[in-house]
Amino acid sequence: MTPHSGQPDIVVVGAGLAGLACALDLCHAGRRVALLEASDGVGGRMRTDRRDGFLLDRGFQVFNTSYPQVRRRLDLKALRLRPFTPGVIAHTPSGPVRLADPTRRPKEAGSLLLGRVLPARDLAALAALTARDTLLPAGALKRGPDRSTAATLMRAGVSARTVNEILRPFLSGVFLEDELETSGRFFHLVWRSMARGTLCLPAEGVGAVPARLARDLPGGVLRTQTPVTGVTAAGVLLADGRELPAASVVVATDAGAAARLLPGLATPDTRTVTTYYHAAARSPLAEPTLIVDGSGEVLNTCVLTEVTPTYAPPGTALVSTSVLGPDRPEAGRAVLGRLAELYGTDTGGWRQVAAYTVAGALPAMRPPWPLSRTTRFAPGRYVCGDHRATGSVQGALASGTRAAREVLADLARA
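Under our numbering, the first residue of the sequence shown carries the number 3, and numbering increases by one thereafter.
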């Protein structure tokens with residue numbers, strides 16, 4: 003695309019996934035766009051820091067290859083994706099249980115069929131649910147009745163014990179809440195995406211995803227370290243006091259910033275999570291598998307360097323552990339104690355490399371949750387982001403796509 007210069011027609015505020023998708027589509031349509039980002043780089047919450055040879059994602063995240071927006075916009079080979087094991091190890095009151103997809107790990111099928119992992123009734127219920135979510139069109143899942151995930155699993159015939167000991171610990175790490183009050187329609191879409199795709203990490207960290215998108219922007223579109231303090235009748239007000247005129251403004255920030263820029267905008271509650279990174283001399287688990295904690299002391303943990311060794315210097319293992327809520331004094335010591343139990347090893351020599359608290363990590367998607375909604379806020383003013391769709395990479399990209407489509411439609415009618 004031709005480099006942009008001169009006054010923009012459209013200002014997009016925020017260079018996270020939604021803002022990048024919106025700006026890219028507007029540029030492809032031939033519009034002059036300014037994409038303004040307050041920080042020093044793109045990605046929003048999907049960023050990766052480099053520190054002392056470590057790749058540190060700003061909060062534990064995984065990349066799902068099945069999302070339609072991902073397949074449309076990204077060259078997956080260029081990301082050098084490395085997969086997780088298709089399954090988890092759940093630590094239950096009766097000990098660790100491995101729950102794996104038998105179609106991808108046939109050697110686990112025997113344990114499943116013999117009832118060593120789940121009761122036969124629960125296995126049948128989950129198999130039926132998985133088949134339904136995998137085979138039905140996504141539109142049919144979106145149109146279904148909405149109730150909580152807990153109620154959805156009960157109606158599917160899954161026992162309370164299996165929900166509480168295995169599914170709740172796993173899904174708590176997906177939804178960042180442990181009551182399973184998240185929209186059942188969103189649960190069906192998540193379950194579908196996991197059954198149809200592969201959970202991976204890019205070799206250069208999750209920040210490689212928005213970085214790849216940003217590379218496709220024409221020169222002059224992206225302006226980092228350009229905070230916006232207000233949306234005006236004429237355009238946007240910058241932190242340095244200048245006003246940048248634009249006929250159309252798209253606010254593609256997180257929910258809190260969007261509410262400040264667009265007074266009167268209704269935004270959902272959000273979830274907070276803290277991720278701790280520890281360096282160890284040896285890997286405590288020689289496989290790329292996620293461990294979920296039935297006790298609730300931590301959400302999940304994994305050895306990132308078993309997924310992709312590029313996350314740490316040679317000869318060092320990097321362990322990621324996530325906990326609900328903000329960081330607290332002495333929390334690091336408690337986490338290390340729990341990790342010793344989960345991995346069955348001495349963690350006394352482990353070193354904490356970093357801790358990231360991500361406030362507003364996900365919207366609280368209680369039913370009835372609209373899986374997509376208009377981005378129009380006022381004439382010439384739009385808002386997009388995962389808080390306007392679903393708390394996922396797909397949701398953010400889809401909301402940005404919709405914003406661009408609605409901006410172009412309105413300009414065509416003007």
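Even glycine gets a Cβ: it sits at the ideal position worked out from N, Cα and C.
In this structure, T303 is the residue among T303, A210 and L240 with its C-alpha nearest to the C-alpha of L344.
Close CB contacts of D124 within its chain, under the 6 Å cut and outside five residues either way in sequence, are with V160, S161 and T164 (chain order).
A contact is defined here as three or more CB-CB pairs under 8 Å, and the segment 228-248 fails this definition with respect to the segment 314-321. DSSP, read as helix, strand or coil, puts R84 in strand. Taking a contact to require three or more Cβ pairs closer than 8 Å, the segment 87-105 and the segment 323-338 do not qualify as touching. In this structure the segment 165-172 does not touch the segment 209-221; the number of beta carbon pairs closer than 8 Å is below three. If the five residues before and after P247 are omitted, its C-beta is found closer than 6 Å to the C-beta atoms of A236 and G237, all from its own chain and listed in chain order. Judged by pairs of C-beta atoms under 8 Å, the segment 346-366 does not touch the segment 134-153, as fewer than three such pairs exist.
If you check the CB distance, L78 and G207 do not come in under 7 Å. For the options G18, T392, G89 and G8, the alpha carbon positioned closest to that of V253 is the one of G18. DSSP places D412 in the helix class (H, G or I) of the three-state scheme.
Within 10 angstroms of the beta-carbon of E179 lie 16 or more other beta-carbons, which makes it buried. Distances from the alpha-carbon of Y278 to those of G387, M367, W352 and W371 put W352 closest.
With three or more CB-CB distances shorter than 8 Å, the segment 27-34 counts as touching the segment 397-411.
Note on the segment 98-174: whole alpha helix (DSSP H) runs with a minimum of 4 residues are 111-115, 122-137, 140-145 and 151-157, in chain order. For R34, the CB contacts under 8 Å within the same chain, skipping 5 residues up- and downstream, are H6, G8, Q9, P10, D11 and I12 in chain order.
As the crow flies, the alpha-carbon of E245 is around 43 Å from that of L201. The DSSP-derived three-state label of S250 is strand. For C24, the enclosing alpha helix (DSSP H) begins and ends at L19 to H30. Bridge pairing for T50: D59 [DSSP].
As computed with DSSP, P204 is found in a beta bridge with L83. Using a 10 angstroms sphere on the CB of S297, the tally of other CB atoms stays under 16, which defines it as exposed. Residue environment for S374: exposed (fewer than 16 other C-beta atoms within 10 angstroms of its C-beta).
Within the same chain, and ignoring the five residues on either side of S285 in sequence, the residues whose Cβ sits closer than 8 Å to its Cβ are V305, T307, E308 and A319. In terms of Cβ geometry, R340 and V300 form a close pair [threshold 7 Å]. DSSP lists L38 as the beta-bridge partner residues of R225.
S96 sits exposed, since fewer than 16 C-beta atoms from the chains shown fall within 10 Å of its C-beta. Contact annotation, L203 with V64: C-beta distance approximately 7 Å; criterion of less than 8 Å satisfied.
Shown here for F189: same chain residues with a beta carbon closer than 7 Å to its own, the five before and five after excluded, namely T151 and T154 in chain order. Per DSSP, the continuous alpha helix (DSSP H) segment holding V211 begins and ends at A210 to R217. Within its own chain, the residues whose Cβ lies closer than 8 Å to the Cβ of R198, once the five positions on either side in sequence are excluded, are S68 and T136, listed in chain order. Residue state for Q354 is assigned as strand, using DSSP reduced to three classes.
In the structure shown, T312 adopts helical secondary structure according to DSSP, grouped into three states. The alpha carbon of D218 has as its nearest neighbour, out of L37, A414 and A416, the alpha carbon of L37. Under the three-state reduction of DSSP, D77 is assigned to coil, being neither helix nor strand.
DSSP places R335 inside the alpha helix (DSSP H), whose first and last residues are A333 to Y345.
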